[in-house]
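In this note's numbering, the protein residues as written are 109 to 247.
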Amino acid sequence: SGSKRGFFRALQLEETDKLLERLLSERAKWRLSGIRDYRYTLSQSFGQISWSGVIEVADDEVASYETTDLQPPVVGVPEVPTIEELFSRIARAIAADAATINVTWDPTYGFPTTCFIDLYLELTDEERRWSIDSFVPPD
109 SGSKRGFFRA LQLEETDKLL ERLLSERAKW RLSGIRDYRY TLSQSFGQIS WSGVIEVADD
169 EVASYETTDL QPPVVGVPEV PTIEELFSRI ARAIAADAAT INVTWDPTYG FPTTCFIDLY
229 LELTDEERRW SIDSFVPPD
């Protein structure tokens, strides 16, 4: 017979692969929940700019938001994301091979409750962080 016998070896997953695997698993949990309408409180910062507010999402789109804090107060409101967009931020950071990505996940719905992303250790003020301080699913 002309068949070849092959060998395989178990591969140790890199940290980024483990994070990607977890991201996919938690995002699947979120999507399987079927929640498309919700309200949540988000605190986020990007470099020296920080924003906190309450975000209303309807049919997976930001329907409205209320700013509770913006620092410095002279800047415009930064991107106000849906939870699905928070997953995408993490995916982009993984794809960009960010120096640091630390995430905690909601045990029930799978969304990222806290996240810290530092794309480049050499640069300052490009770090991004956020925390979801409350989440209210539909009634």
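No residue lacks a Cβ here, since even glycine has one placed at the ideal position from N, Cα and C.
No experiment lies behind these values; they were computed from the predicted model shown.
Distance between residue j and residue i (C-alpha atoms, nearest Å)
i, j, result
"residue 161", "residue 176", "5 Å"
"residue 186", "residue 202", "22 Å"
"residue 181", "residue 173", "17 Å"
"residue 158", "residue 204", "23 Å"
"residue 238", "residue 219", "12 Å"
"residue 168", "residue 144", "5 Å"
"residue 232", "residue 247", "42 Å"
"residue 178", "residue 229", "26 Å"
"residue 163", "residue 153", "16 Å"
"residue 215", "residue 223", "15 Å"
"residue 165", "residue 193", "12 Å"
"residue 125", "residue 206", "13 Å"
Under 9 Å between C-beta atoms of residue i and residue j
i, j, result
"residue 217", "residue 133", "no"
"residue 198", "residue 150", "no"
"residue 183", "residue 170", "no"
Supposed close pair residue i, residue j - CB separation, criterion 8 Å
i, j, result
"residue 147", "residue 244", "5 Å"
"residue 241", "residue 235", "Not really, about 19 Å apart at Cβ, beyond 8 Å."
"residue 138", "residue 191", "7 Å"
"residue 195", "residue 130", "Residue 195 to residue 130, Cβ: 11 Å. No contact."
Per-residue DSSP class, three states only, for residue i
i, result
"residue 171", "strand"
"residue 234", "coil"
"residue 131", "helix"
"residue 143", "coil"
"residue 228", "coil"
"residue 136", "helix"
"residue 166", "strand"
"residue 241", "strand"
"residue 247", "coil"
"residue 125", "helix"
"residue 154", "strand"
Residue i: CB within 8 Å of a non-hydrogen atom of the ligand NAP
i, result
"residue 130", "By its list of ligands, the structure shown contains no ligand whatsoever, and the ligand NAP lies outside what it can speak to."
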